[in-house]
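Following numbering that gives the first Met the number 0, the numbering of the sequence shown begins with 0 at its first residue and continues without gaps.
Using N, Cα and C, we set each Cβ at its ideal position, and we do this for glycine too.
Following: one structure in structure tokens, then a few remarks.
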Amino acid sequence: MLSRVRVWLNRTYAENVFFMDQLRRNPSDRAVEIHATHGDPDSPVLAAADTADLEPEGLSPAAYVEYALDQCVRRGIDVFVPRLHQAAIVAHRAEFAAAGTALLAPTPEAVAVFEDKATAYEAVRSVGVPVPPWHRVRTADELLAAVEELEQAGHRACFKPAAGAGGVGFRVITRSPFSLAHLNGFPGPHVQLDLVLDALRRAEEPVDWLVMPRLEQPEVSVDCLTGPDNRVRLAVGRTKNGRRRGFTLDERWLGPARLIAEGFGLHHLSNIQFRMLGDRPVLLDVNTRPAGGLHQLSLCGVNAPWSAVQLALGEDPGVIEPPFLGQDYTVVSGPRPLAPATLPRHRDGAADVLLPAVPAPVQAAQALPL
Numbered sequence: 000m001l002s003r004v005r006v007w008l009n010r011t012y013a014e015n016v017f018f019m020d021q022l023r024r025n026p027s028d029r030a031v032e033i034h035a036t037h038g039d040p041d042s043p044v045l046a047a048a049d050t051a052d053l054e055p056e057g058l059s060p061a062a063y064v065e066y067a068l069d070q071c072v073r074r075g076i077d078v079f080v081p082r083l084h085q086a087a088i089v090a091h092r093a094e095f096a097a098a099g100t101a102l103l104a105p106t107p108e109a110v111a112v113f114e115d116k117a118t119a120y121e122a123v124r125s126v127g128v129p130v131p132p133w134h135r136v137r138t139a140d141e142l143l144a145a146v147e148e149l150e151q152a153g154h155r156a157c158f159k160p161a162a163g164a165g166g167v168g169f170r171v172i173t174r175s176p177f178s179l180a181h182l183n184g185f186p187g188p189h190v191q192l193d194l195v196l197d198a199l200r201r202a203e204e205p206v207d208w209l210v211m212p213r214l215e216q217p218e219v220s221v222d223c224l225t226g227p228d229n230r231v232r233l234a235v236g237r238t239k240n241g242r243r244r245g246f247t248l249d250e251r252w253l254g255p256a257r258l259i260a261e262g263f264g265l266h267h268l269s270n271i272q273f274r275m276l277g278d279r280p281v282l283l284d285v286n287t288r289p290a291g292g293l294h295q296l297s298l299c300g301v302n303a304p305w306s307a308v309q310l311a312l313g314e315d316p317g318v319i320e321p322p323f324l325g326q327d328y329t330v331v332s333g334p335r336p337l338a339p340a341t342l343p344r345h346r347d348g349a350a351d352v353l354l355p356a357v358p359a360p361v362q363a364a365q366a367l368p369l
């Protein structure tokens with residue numbers, strides 16, 4: 000009889016409750032126990048886990064590695080899926096292996112390349128993957144020059160942090176003066192150029208932004224599972240065009256994604272995003288972690304989280320072909336129960352304080368973000 004697998008997800012996205020659900024419903028019918036840590040006691044991943052701890056705040060990356068190693072030893076973690084401080088953690092892969100824990104994460108070199116979007120664009124362009132024109136800016140004068148150059152080429156300019164994830168800090172530049180029209184409806188990503196320039200000139204510290212054309216839909220996110228031998232086991236594109244979502248195996252998207260995943264050591268789960276510049280796909284971003292929407296591949300008959308855990312444990316699942324492509328769909332939010340008491344919370348230790356094994360009341364439920 001196969002032993003249970005103990006998996007740890009550190010400070011991760013709310014959507015990864017679905018990642019956890021898929022691990023438990025794995026096709027191998029193997030027992031999986033999940034440990035989760037987070038800085039927010041109301042994170043739904045804590046309530047969904049079998050054991051959970053609040054993470055200490057203010058740790059340096061080096062101190063966090065020590066904390067993580069201690070968690071792995073004390074909790075008997077077989078597979079660790081790091082998001083927070085991923086770069087520091089993967090640099091100590093051998094120490095985690097000595098503690099009996101496999102890291103479900105890429106190589107340190109891959110994480111370093113893709114932590115910085117400018118470095119990433121330079122790297123993938125060198126291997127023949129198309130990237131959009133871009134400018135790295137730190138001052139108001141550099142921003143203005145970049146915007147003017149893009150506009151002269153017929154583009155609408157936008158900017159985002161050179162390092163970041165999840166669309167945080169993304170804005171589209173407009174020259175329209177601020178008016179009541181900008182106060183109608185919901186807030187949007189557009190920001191007036193004169194306001195941005197004024198804010199930069201008054202700022203005490205320089206920014207670190209990429210200025211580039213506003214790329215068009217469809218957006219295609221290719222979820223890849225890659226082995227330590229640099230061979231992709233799974234690649235499926237998730238398409239987004241407005242509210243409509245779907246799936247694709249079109250090599251226009253999968254070919255460049257495989258080239259990046261295999262060429263840069265993006266081992267285990269990664270997510271490689273493309274958008275359109277005119278009539279051709281160009282790279283948008285590379286995430287060295289599982290995407291929040293990875294669970295959507297279940298609509299294609301694929302359990303990517305479990306295949307990734309198998310690979311991390313040395314149980315190679317081989318090349319995975321989706322048995323079918325699911326129909327188009329959309330994404331809606333829904334309630335998930337929260338932990339009804341203060342952490343730490345444990346289900347497997349008789350000496351620990353156990354919480355009632357009942358769902359949280361409806362009024363305490365938290366909707367997942369779209």
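query                                                                                                                                                            : result
With a CB to CB cut of under 7 Å and the five nearest residues on each side skipped, what residues in its chain are close to Pro-126?                            : Inspection of the sequence shows that residue 126 is occupied by Val rather than by Pro. Cβ neighbours of Val-126 beyond the five flanking positions: Leu-258 and Gly-262.
Give the straight-line distance between the Cα atoms of Pro-43 and Ala-35, rounded to the nearest whole angstrom.                                                : 10 Å
Within its chain, find whatever has a CB closer than 6 Å to the CB of Ala-30; leave out the 5 residues flanking it on each side and keep chain order.            : Arg-3
Thinking just about the alpha-carbon of each residue, which of Thr-50, Val-219 and Pro-40 is nearest to the one in Pro-280?                                      : Val-219
Since Ala-303 and Leu-312 are thought to touch, with beta carbons under 8 Å apart, how far apart are those beta carbons, to the nearest angstrom?                : Not quite, the Cβ-Cβ distance comes to about 15 Å (not below 8 Å), so this is no contact.
So, at 8 Å on beta carbons, what are the nonlocal neighbours of His-266 in its own chain, with the 5 sequence-adjacent residues on each side left out?           : Ala-104, Pro-105, Thr-106, Ala-109, Thr-225, Gly-226, Pro-227 and Asn-229
Please tell me whether Gly-127 has its Cβ less than 7 Å away from any Cβ of chain C.                                                                             : The displayed structure is made up of one protein chain only, and chain C is not part of it.
Which parts of the segment 200-270 are runs of the beta strand (DSSP E), unbroken and 3 residues or longer, counting only runs that do not cross its ends?       : 208-212, 215-225, 231-240 and 243-247
What beta strand (DSSP E) runs, 3 residues minimum, are completely inside the segment 20-60?                                                                     : 31-37 and 50-53
Cβ atoms of Gln-295 and Asp-284: under 7 Å apart, would you say?                                                                                                 : no
Just the Cα atoms here: how many angstroms apart are Asp-41 and Ser-269?                                                                                         : 27 Å
Which residue or residues does DSSP assign as beta-bridge partners of Cys-71?                                                                                    : Partner(s): none; Cys-71 has no beta bridge.
How should Asn-240 be labelled, buried or exposed, when 16 other C-beta atoms within 10 angstroms of its C-beta is the threshold for buried?                     : exposed
Pick out whichever of Leu-1, Glu-14, Asn-9 and Arg-5 has its Cα sitting closest to the Cα of Ser-425.                                                            : Since the first residue shown for the chain is 0 and the last is 369, residue 425 is missing from the structure and cannot be characterised.
When the distance is taken between beta carbons, is Ala-98 closer than 7 Å to Val-72?                                                                            : yes
Run through DSSP, which three-state label would Ala-122 get?                                                                                                     : helix
Quick one: is Arg-243 buried, meaning 16 or more other Cβ sit within 10 Å of its Cβ, or exposed?                                                                 : exposed
For the alpha helix (DSSP H) that contains Gln-151, what are its first and last residues?                                                                        : 139-151
Using three-state DSSP, classify Ala-86 as helix, strand or coil.                                                                                                : helix
What are the boundary residues of the alpha helix (DSSP H) that Leu-103 is part of?                                                                              : Leu-103 -> no alpha helix (DSSP H), and no H or E assigned at all.
Check for me: the alpha helix (DSSP H) holding Arg-288 runs from which residue to which?                                                                         : From DSSP, Arg-288 is part of no alpha helix (DSSP H); its letter is neither H nor E.
Roughly how far, in whole angstroms, is the beta-carbon of Glu-114 from the beta-carbon of Ala-162, given that I think they are within contact range, below 8 Å? : 6 Å
Three or more C-beta pairs closer than 8 Å, one from the segment 174-187 and one from the segment 135-145: is that the case here?                                : no
Keeping to the same chain, check which residues put their C-beta closer than 7 Å to that of Leu-22; ignore five residues upstream and five downstream.           : Val-6, Val-31, Ile-33, Pro-304, Trp-305 and Val-308
Measuring alpha carbon to alpha carbon, tell me which of Val-330, Phe-246 and Cys-223 ends up nearest Pro-289.                                                   : Cys-223
Using the DSSP secondary-structure output, state which residues sit across from Arg-135 in a beta bridge.                                                        : Leu-209
Does the beta-carbon of Val-216 have 16 or more other beta-carbons within 10 angstroms, so that it is buried, or is it exposed?                                  : In the sequence under discussion, the amino acid at residue 216 is Gln, which differs from the Val named in the question. Exposed, by the Cβ-count rule.
When you compare only the Cα positions, how much space is there between Met-211 and Leu-149?                                                                     : 7 Å
Per DSSP, Ala-156 is paired with what?                                                                                                                           : Pro-212
Compute the beta-carbon to beta-carbon distance between Val-130 and Arg-124, rounded to the nearest angstrom, for a pair I have assumed lies under 8 Å.          : 5 Å
Please classify Gly-370 as buried or exposed, where buried requires at least 16 other C-beta atoms within 10 Å of its C-beta.                                    : Because the chain in this structure spans residues 0 to 369, residue 370 falls outside the shown range and cannot be described.
Give me the Cα-Cα distance between Gly-317 and Arg-232, rounded to the nearest whole angstrom.                                                                   : 6 Å
If you draw a straight line from the alpha carbon of Asp-140 to that of Pro-176, how long is it in whole angstroms?                                              : 20 Å
Pull up the distance between the alpha-carbon of Arg-200 and that of Glu-65, whole angstroms please.                                                             : 41 Å
Can you name the residues that DSSP bridges to Leu-179?                                                                                                          : Answer is none; Leu-179 lacks a bridge partner.
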